[in-house]
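Enquirer: Same order as they appear, the protein sequences are chains A and B. Position one of the first sequence corresponds to residue 1 (the working numbering), numbered consecutively onward. Position one of the second sequence corresponds to residue 1 (the working numbering), numbered consecutively onward. Note that CB positions come from ideal geometry on N, CA and C, so glycine has one too.
2 protein chains.
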Amino acid sequence: QKDDKEPVDKVIFFPDDTVSCRKYRNGICKDVNCRMSHDNTSFSQLITIFEQAKRSIDVCVFVITCQELANVLAEKQKRGLTVRIITDSEQEDCSGSQLYKFRAAGVRVRTDRTTFFMHHKFAIVDNSLLVNGSFNWTKQAVTGNFENLLITSNKGIIQQYQQEFNRLWEKFDPG
Amino acid sequence: QKDDKEPVDKVIFFPDDTVSCRKYRNGICKDVNCRMSHDNTSFSQLITIFEQAKRSIDVCVFVITCQELANVLAEKQKRGLTVRIITDSEQEDCSGSQLYKFRAAGVRVRTDRTTFFMHHKFAIVDNSLLVNGSFNWTKQAVTGNFENLLITSNKGIIQQYQQEFNRLWEKFDPG
Ligand SMILES: [Zn+2]
Ligand SMILES: [Zn+2]
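In structure tokens, the structure reads:
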């Protein structure tokens, strides 16, 4: 089935001018005074990628404090997908950290346990789509920073990122 | 000529185990006790990309404090290539900033002049090769962080990054 898909090579840039309306994304927003975006934004496109995951999501991102992104991942794990997260060890205690939410949902989380920064910002969906760029998973990155994400289905590239993810996953195994 | 080139889709990961030996890269290292790397490292591959530039290098990177990368860019400008740099406005005053070196070499530098973070980490060589990932241009990123850079000659992708570069270049024109 995977091989039937159209190849994806796409770029999204931030900041979004306006915060994406979650109610609208999820079906309907009845607030006639809603000031959030009911259009496609970079953030809504990013969220959609994870919402459409079918089997697995591997995330390797330095900072994860964005609640909406964390909620989607936790929900996916609850629905039976395999979600794995590697993040920087400083995220264990940082303000707004979403790691408690992941662990409560059964998502496995590993941190680098070194003095190095685990500075990656990539995710792999269903072992067939890579999301990679400058974007940390924070609210500020969405509407407050100039950022990019490259989204590709290039198999040769995905294989290398998947291999690096698996290598770090083993390396950071608390044992 | 450009169309004759082999397509490039390559990934390099950091940290390097060992600092790349500059003398060896530039031809010869006579130090029999040299403890730096005489092999290919991720850093030596990155430097080589810029050294092989023929016409232009557009850099859009949050932090630029790595002297070796800055030296290559300044040298390229002196040899007649067009080097343009966009970086975060906080880089104007930060410790180790290489902006003075760029300006002394005639490289045009623009900063975002906003409260937003200009958080990109990409560069475009000869309008035909993109380097993009988590990697800021610091010494720490080379041997002290887990980082990635995706290097691609995909024209559709490069066009979008070049367009964003040009848009930000105009936006940050001090006028
Ligand atoms: Zn709404
Ligand atoms: Zn040497």
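Report whether the distance from the Cβ of aspartate 16(A) to the nearest heavy atom of ligand 1 is below 7 Å.
Expert: Counted from its first residue, the first sequence places residue 16(A) at position 16. Not under cutoff, so the answer is no.
Enquirer: Could you check whether serine 97(B) and serine 65(B) sit closer than 8 Å to each other, using their CB atoms as the reference points?
Expert: One-based indexing of the second sequence puts residue 65(B) at position 65. One-based indexing of the second sequence puts residue 97(B) at position 97. Note that residue 65(B) corresponds to threonine in the displayed sequence, not to serine. Yes, the Cβ-Cβ distance between threonine 65(B) and serine 97(B) is below 8 Å.
Enquirer: Given that a residue counts as buried once 16 or more other Cβ atoms are within 10 Å of its Cβ, and exposed if not, what is asparagine 132(A)?
Expert: The residue you call residue 132(A) lines up with position 132 of the first sequence. Asparagine 132(A) is buried by the Cβ-count criterion.
Enquirer: Just checking cysteine 21(B) against ligand 1 - is the residue's beta carbon closer than 7 Å to any of the ligand's heavy atoms?
Expert: Numbered from 1 along the second sequence, position 21 holds the residue referred to as residue 21(B). No; taking the cut-off as 7 Å, the Cβ of cysteine 21(B) has no heavy atom of ligand 1 nearer than that.
Enquirer: With a threshold of 7 Å on Cβ separation, who are the neighbours of phenylalanine 172(A) within its own chain once the five nearest residues in sequence on each side are excluded?
Expert: Mapped onto the first sequence, residue 172(A) falls at position 172. Same-chain partners within the cutoff: Ile86, Arg110, Thr111, Asp112, Arg113.
Enquirer: Please list, in chain order, all residues of the same chain as lysine 5(B) whose beta carbon is under 6 Å from its beta carbon, the five residues on each side excluded.
Expert: For this step, residue 5(B) is matched to residue 5 along the second sequence. The answer is none, since no qualifying residue turns up.
Enquirer: In the DSSP assignment, find the alpha helix (DSSP H) that holds alanine 104(B) and state where it starts and stops.
Expert: Here residue 104(B) refers to the residue found at position 104 of the second sequence. It spans 99-104 - the alpha helix (DSSP H) in which alanine 104(B) sits, taken as one unbroken run.
Enquirer: From Asp39(B), Ile28(B), Phe62(B), Lys23(B), pick the residue whose C-alpha is nearest to that of phenylalanine 116(B); which is it?
Expert: On the second sequence, residue 116(B) is found 116 positions in, with the first residue counted as 1. Closest by alpha carbon: Phe62(B).
Enquirer: Using a Cβ-Cβ distance cut-off of 8 Å, determine whether valine 11(B) contacts chain A.
Expert: The count along the second sequence starts at 1 and reaches residue 11(B) at position 11. Closer than 8 Å: yes.
Enquirer: If you run the structure through DSSP and keep just helix, strand and coil, what is valine 107(A)?
Expert: Taking the first sequence and counting its residues from 1, one reaches residue 107(A) at position 107. Valine 107(A): coil per DSSP, three-state reduction.
Enquirer: Could you give the residue range of the beta strand (DSSP E) that holds arginine 84(B)?
Expert: Your numbering for residue 84(B) matches position 84 in the second sequence. Looking at the DSSP string, the run of the beta strand (DSSP E) that includes arginine 84(B) is 82-87.
Enquirer: Thinking C-beta only, is leucine 81(B) closer than 8 Å to tryptophan 137(B)?
Expert: Sequence index remark: in the second sequence, residue 137(B) carries index 137 (1-based). Sequence index remark: in the second sequence, residue 81(B) carries index 81 (1-based). Contact: no.
Enquirer: Thinking just about the alpha-carbon of each residue, which of Asn127(B), Glu147(B), Lys10(B) is nearest to the one in asparagine 166(B)?
Expert: For the purposes of this step, residue 166(B) is taken as residue 166 along the second sequence, with counting starting at 1. Of the listed residues, the one whose Cα sits closest to asparagine 166(B) is Asn127(B).
Enquirer: At a cut-off of 7 Å, would you count aspartate 31(B) as near ligand 2, judging by its Cβ distance to the nearest heavy atom?
Expert: One-based indexing of the second sequence puts residue 31(B) at position 31. Answer for aspartate 31(B): yes, Cβ within range of ligand 2.
Enquirer: Would tyrosine 100(A) be called buried (16 or more neighbouring beta carbons within 10 Å of its own) or exposed?
Expert: Taking the first residue of the first sequence as 1, we reach residue 100(A) at position 100. Exposed.
Enquirer: With H, G and I counted as helix, E and B as strand and the rest as coil, what does DSSP make of lysine 139(A)?
Expert: One-based indexing of the first sequence puts residue 139(A) at position 139. DSSP places lysine 139(A) in helix when its eight states are reduced to three.
Enquirer: So which of Ala141(B), Ser134(B), Lys139(B) has the shortest CA-CA distance to isoleucine 151(B)?
Expert: Within the second sequence, residue 151(B) is the residue found at index 151, counting from 1. Of Ala141(B), Ser134(B), Lys139(B), the residue nearest in Cα terms is Ser134(B).
Enquirer: Going by the beta-carbon positions, is the gap between threonine 48(B) and methionine 36(B) smaller than 8 Å?
Expert: Here residue 48(B) corresponds to residue number 48 of the second sequence, with the count starting at 1. Here residue 36(B) corresponds to residue number 36 of the second sequence, with the count starting at 1. Going by C-beta atoms, threonine 48(B) is not nearer than 8 Å to methionine 36(B).
Enquirer: How would you label glutamate 92(A), buried or exposed, when you count the other beta carbons within 10 angstroms and need 16 or more for buried?
Expert: Numbered from its first residue, the first sequence carries residue 92(A) at position 92. It is exposed - the Cβ of glutamate 92(A) has fewer than 16 other Cβ atoms within 10 Å.
Enquirer: Indicate, with yes or no, if ligand 2 has a heavy atom lying under 7 Å from the CB of tyrosine 24(B).
Expert: Along the second sequence, one-based indexing puts residue 24(B) at 24. Tyrosine 24(B): yes, Cβ under 7 Å from ligand 2.
Enquirer: Among Arg103(B), Gln140(B), Asp39(B), which has the Cα closest to the Cα of cysteine 21(B)?
Expert: Counting from 1 along the second sequence, the entry for residue 21(B) is found at position 21. Selected option, being the one with the closest Cα: Asp39(B).
Enquirer: I need the straight-line Cα distance from asparagine 71(A) to glycine 175(B), nearest angstrom please.
Expert: By 1-based counting over the first sequence, the position of residue 71(A) is 71. By 1-based counting over the second sequence, the position of residue 175(B) is 175. Cα to Cα, the separation comes out at about 44 Å.
Enquirer: Exposed or buried, what is cysteine 60(B) when buried is set at 16 or more other beta-carbons lying within 10 Å of its beta-carbon?
Expert: On the second sequence, residue 60(B) is found 60 positions in, with the first residue counted as 1. It is buried - the Cβ of cysteine 60(B) has at least 16 other Cβ atoms within 10 Å.
Enquirer: Taking CB distances under 8 Å as the criterion, tell me whether histidine 176(A) reaches chain B.
Expert: Nothing can be reported for residue 176(A): it is not among the residues displayed for chain A, which extend from 1 to 175.
Enquirer: Is cysteine 34(B) close to ligand 2? I mean its beta-carbon at under 7 Å from any heavy atom of the ligand.
Expert: If you number the second sequence from 1, residue 34(B) lands on position 34. Yes.
Enquirer: Which residues in chain B have a C-beta closer than 8 Å to the C-beta of phenylalanine 43(A)? List them in chain order.
Expert: By one-based count along the first sequence, residue 43(A) stands at place 43. Within 8 Å Cβ-Cβ: nothing; phenylalanine 43(A) doesn't reach chain B, min ~15 Å.
Enquirer: Using the Cα positions of serine 153(A) and glycine 144(A), report the straight-line distance between them to the nearest angstrom.
Expert: On the first sequence, position 153 is the one that residue 153(A) refers to. On the first sequence, position 144 is the one that residue 144(A) refers to. Their Cα atoms are separated by approximately 28 Å.
Enquirer: Judging by CA-CA distance, which residue of Glu147(B), Thr41(B), Phe122(B) is the nearest neighbour of isoleucine 158(B)?
Expert: As a first step, residue 158(B) must be located in the second sequence, where it is residue number 158. The residue with the shortest Cα to Cα distance from isoleucine 158(B) is Phe122(B).
Enquirer: Valine 8(A) to isoleucine 28(A), Cα distance in whole Å?
Expert: Within the first sequence, numbered from 1, the residue matching residue 8(A) stands at position 8. Within the first sequence, numbered from 1, the residue matching residue 28(A) stands at position 28. Cα to Cα, the separation comes out at about 28 Å.
Enquirer: Around the Cβ of glutamate 147(B), are there at least 16 other Cβ atoms within 10 angstroms (buried) or fewer (exposed)?
Expert: Counting from one through the second sequence, the residue named residue 147(B) turns up at place 147. With 16 or more Cβ atoms within 10 Å of its Cβ, glutamate 147(B) is classed as buried.
Enquirer: In the DSSP assignment, find the beta strand (DSSP E) that holds lysine 10(A) and state where it starts and stops.
Expert: Translated into positions along the first sequence, residue 10(A) becomes position 10. Note, lysine 10(A): beta strand (DSSP E), 9-14.
Enquirer: In whole angstroms, what is the alpha-carbon distance linking glutamate 170(B) and leucine 168(A)?
Expert: Along the second sequence, read from residue 1 onward, the residue named residue 170(B) stands at position 170. Along the first sequence, read from residue 1 onward, the residue named residue 168(A) stands at position 168. Those two C-alpha atoms are separated by around 40 Å.
Enquirer: Mind checking aspartate 31(A): buried by the 16 CB within 10 Å criterion, or exposed?
Expert: Locating residue 31(A) in the first sequence gives position 31, where the first residue counts as 1. The residue is exposed, with fewer than 16 neighbouring Cβ atoms inside 10 Å.
Enquirer: Does any residue of chain E have a CB that is nearer than 8 Å to the CB of glutamine 162(B)?
Expert: The structure shown has no chain E; the protein chains it does contain are A and B.
Enquirer: Within a Cβ cutoff of 7 Å, which residues of the same chain sit near phenylalanine 43(A), ignoring the five residues on either side of it in sequence?
Expert: In the first sequence, residue 43(A) corresponds to position 43, counting from 1. Asp16, Ser20, Val142.
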